[in-house]
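Numbering (the working numbering), first residue to last: 204 to 1365.
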């Protein structure tokens, strides 16, 4: 091999190449299942008859197969699922000590099922999930924390199913769009766990343990998978969501436990095909978890494994590694384990071309096998020690249709199971039982799809952390303390290494109470931590205020068993002081000067940051300005070559002085003021600066100033006061006159500081402020009172002039602007606050909305305290009010000082009781919603007695049968006493009324059956039982009707009735009575259809004796024909047995015949 090839190979294989752990892996065995495998294997010891763990897999012809650790087929079952099986899971779901296999299928006919198999492969139960094509896994968890665990599974029919251990649905939740495997965790750390799942409708759903929606978050594109971990190490879980839009982009979302989005990260921005479920663990040993996903596109060159890390409000890419997968839409999933035990975990991934093992530190390829490839959908390899040899094994797919085991004697130990599709270690115990209350994964392992496990027999304190902080600020670190021993103990917490001038505090999980010594051994501790329990502690590190940039503190926090301090672990917290950039320039100053004369200001500049800085100085002014150094002689120079004057290098805390000279021009107007702004700016961070203002005034021979221009607002007829300052800026004593220009309709006055009106002190006919010395300033007050009824927003500007008495050409002015404020006031009035109405009758209440404000107002009209079933509508000019300001409340626009006439329509429901309703109508200003007024409208529902019995009914009976008709009796909106009476039935028929199983009686002797008192709208069911005659001869009535009437006792003559019609079902039959007979007998026959009848009597030798009926037409019904015992000749027949033949030729065709016998006695 040439040098170039060696370099290329080294680059491809990465930093772990050339080590035994990745030079020596071998395929220990592989088994051809005879069909493509598109699911992940499940691994667990499900049958103690075989050594090691078993492997369960499904294929695309509907077979489930179980293999021993050495590759022998233990059992297989075919369920003829045409699209095959998906992602098995193993757990003891019925808590009988024997594990079950759960596996989900898919079918083209939308009849995919969730199967539960015994550990020998026989079917225990199945549940139709109507899954078609989705590769949907399942989740096992005890979500209600009682009894046996639940199984959760999504489906392509848009439903998530929660199933108990017997296969009975506990609840379902439908989104109408495809749903993948749910994740389960107690993300709010209150009560029972939550169920989280994404849907192709673009939403992430969070349900409580009973299937009720807690929140949903819209993520815009179809969601496929979600996992849970604490990715920012704040002690709270986040949900990492994989979402993709075919032919567009694939996006990874980080969602907080309350459903808010923390960040989103585009993985592939165009032509995306798939994005896998995330695997999470600290793969590069930097104490922070990484998120590992695979994403592919319809452009093969973009297929890659991505490792990302949380970066506050976004995610940063740690590394990207190539991966080949040519199946569009596939989302093959990476898994994580530290195979060689060097602290850097490996990423194991299988696609359509090969299985690769990537270095977790940089994504370099450590191992590749081109015989290990799969058709790719959502599957991933499993990591487990299947044969108990103390070395991890990779269980994966070999050439699409075979299950294979990849072994290496240099790989370290791991668990003997990998038993759930959404695999995290805490959801299935080592004995395959499911925890009643699952520990928070993010507090123990903080991983997903990672086979890492915690050592036993020790205390674990994690994670190591590093961060930065500003001086005199506090950095908080959350540490997890895990008891991995087999007994409860007090965990002592100590800390060392903190710098003396730094502050260190250790708090319990609340973050407010410092950790205390509970067992009296002088060391703060965590009181009684049970085996496998986790506790949080909060460590606060604070550097001193004078800490310099780059100062570093290393604090070591140690946890140890109180009864055996040698059992311990520690976490290292490294805190570095951040750069603080801060500058200060002081003091602001003011002075005065003559035109063309210079005034000097003294300033000092201080570095208040924690690193040496070169501070630039600039100044802005409309006058000539110069900057001098501390000598006051030399102007500032540019010492750092950035083109800006500076004070040179300034160490933290040091101050340097400078001088600023300001010179006004010769032709400047007297009284003019200049404000020079001097800036001190850091050269480390030019956004950090400070400034001071230097105010310089100019005086002359004669001059006056009045200031400031000002503005304010007030209400109509409400006086407002403005303070103005008049200054003599001349060299001589001067009397300053005051004049105003203002609107005539407004009231104005000028007063001095004490409130006295200004007067003319020098007798020149103009009011003045009196005489002012040079530079003297006096205060005057300008009082403004607007007239009434002005519209809000109206403005008036008055101009006040100050005029020198020495030279009236010397003057100054100030503008005073007054704006009318908005008055918001509304009143609701009505002349009809109450009335009465019958049920379902409408009444209109007139009322007025009055606007007492000085601007138009849109008044919302809100109805509250409304009774259920009542209708309330507000009308204006017979048109229902609309919502004009889009706040869902009807409103009316009322002009300023105006009113609107409206009506409130009130309609009670039909079933309202005799009662009183009070509704509150509130008018709310849309200008100021705190301004409102209300009316109460009282509506009395009048008594409306009524009774009802229903429905009319119809039924059919055979002879001797009884039919029950259930009738409902009710009364109106006021109670009533009700009695009942049915009309009699014909002879042979029996009818009776029953209530609550007992026959009703006439208790008070009024001839009616008493039902008793019914309260308003009460309904009672009564039963009318009708019994048909025992024999058809007992009646000639085959259609009978009875009217059951209900009568009001309290409000006669109110009544109602129901008609009950009963039809007797009759067949073709005939008999005679009496029989035997001596003198005469009667033949009774029934006809279900009309037709021609023949009835002939024969003796025992077949000779005709008597033709009773000959071709006579009879209608449907019951008929009789007598025989006096004579023959056709009128002679008495001899005693003996006689045969009679009854024959009917039906109108619609066909002939029926009956033959019977009778006996004539002597």
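Positions of the beta carbon are idealized from the N, C-alpha and C atoms, including for glycine.
Alpha carbon to alpha carbon, how far is residue 240 from residue 573? Give it in angstroms, no decimals. 17 Å
Host beta strand (DSSP E) of residue 682 (start-end): 678-686
What's the gap between the Cα of residue 1087 and the Cα of residue 1057? 20 Å
Residues near residue 188 in its chain [Cβ-Cβ closer than 8 Å; skip 5 each side]: A question about residue 188 goes unanswered here, because the residues of the chain that appear run from 204 up to 1365.
Determine, for residue 1016, whether the minimum Cβ-Cβ distance to residues of chain D falls below 8 Å. Absent from the structure: chain D. Only one protein chain is present.
Reduced DSSP category for residue 381 - H, G, I as helix; E, B as strand; rest coil: coil
Residue 386 by DSSP, collapsed to three states: which one? strand
What's the gap between the Cα of residue 569 and the Cα of residue 228? 11 Å
Identity of the residue in 310, 261, 1050, 294 nearest residue 278 by Cα: 261
Looking at the structure shown, is residue 647 part of a helix, part of a strand, or coil, going by DSSP? helix
Counting Cβ pairs closer than 8 Å, one from the region 291-298 and one from the region 257-273, do we hit at least three? yes
Kindly list the residues whose CB is nearer than 7 Å to the CB of residue 218, restricted to its own chain and excluding five residues on each side of it in sequence; keep chain order. Because the pLDDT of residue 218 is 42, which lies under 50, any placement of that residue in the model is unreliable, and the number read from its coordinates should be weighed accordingly. Excluding residues within five positions, the ones whose Cβ falls inside 7 Å are 562, 564, 565, 567.
I need the straight-line Cα distance from residue 852 to residue 816, nearest angstrom please. 6 Å
Residues in the same chain with beta-carbon distance under 8 Å from residue 795, minus the five sequence neighbours each way, listed in chain order, please. 802, 899, 900, 901, 902, 978
One question on the structure: do residue 776 and residue 680 come within less than 8 Å of each other, judged by their Cβ atoms? yes
Apart from the five residues on each side of it in sequence, which residues of its chain come closer than 8 Å, Cβ to Cβ, to residue 603? 239, 240, 576, 577, 578
Residue 773 - partner residues in DSSP beta bridges: 761
From which residue to which residue does the beta strand (DSSP E) around residue 596 run? 596-601
Residue 906 versus residue 826: straight-line alpha-carbon distance, rounded: 20 Å
Is the number of C-beta pairs between the region 678-692 and the region 726-734 that are closer than 8 Å three or more? yes
Rounding to the nearest angstrom, what Cα-Cα distance links residue 423 and residue 405 in this structure? 5 Å
Alpha carbon to alpha carbon, how far is residue 1121 from residue 1107? Give it in angstroms, no decimals. 13 Å
Flag this pair as touching only if the region 1040-1055 and the region 1145-1153 have three or more C-beta atom pairs under 8 Å; answer yes or no. yes
Where does residue 223 fall in DSSP's three states? helix
Nearest neighbour of residue 1034, chosen from 1191, 1140, 934 [CA to CA]: 1140
Can you check which of these residues, 1170, 1157, 1071, 1114, is closest to residue 1149 by C-alpha distance? 1114
Rounded to a whole number of angstroms, what is the C-alpha to C-alpha distance between residue 1300 and residue 1262? 44 Å
Can you look up residue 630 in the DSSP assignment and give me helix, strand or coil? helix
DSSP three-state label for residue 1379, please. Absent from the structure is residue 1379, since the part of the chain shown begins at 204 and ends at 1365.
8 Å Cβ shell around residue 516 - same chain, five flanking residues per side excluded: 465, 466
Which residues DSSP lists as bridging residue 793, in chain order: 898
Which residue from 304, 595, 655, 398 puts its Cα closest to that of residue 482? 655
Taking the beta strand (DSSP E) that residue 1014 belongs to, which residues open and close that run? 1014-1023
Does the Cβ of residue 805 have 16 or more other Cβ atoms within 10 Å, making it buried, or fewer, making it exposed? exposed
With distance defined between alpha-carbon atoms, name the residue in 1259, 640, 741, 719 nearest to residue 393. 640
In the DSSP assignment, find the unbroken beta strand (DSSP E) run with residue 453 in it and report its ends. 453-459
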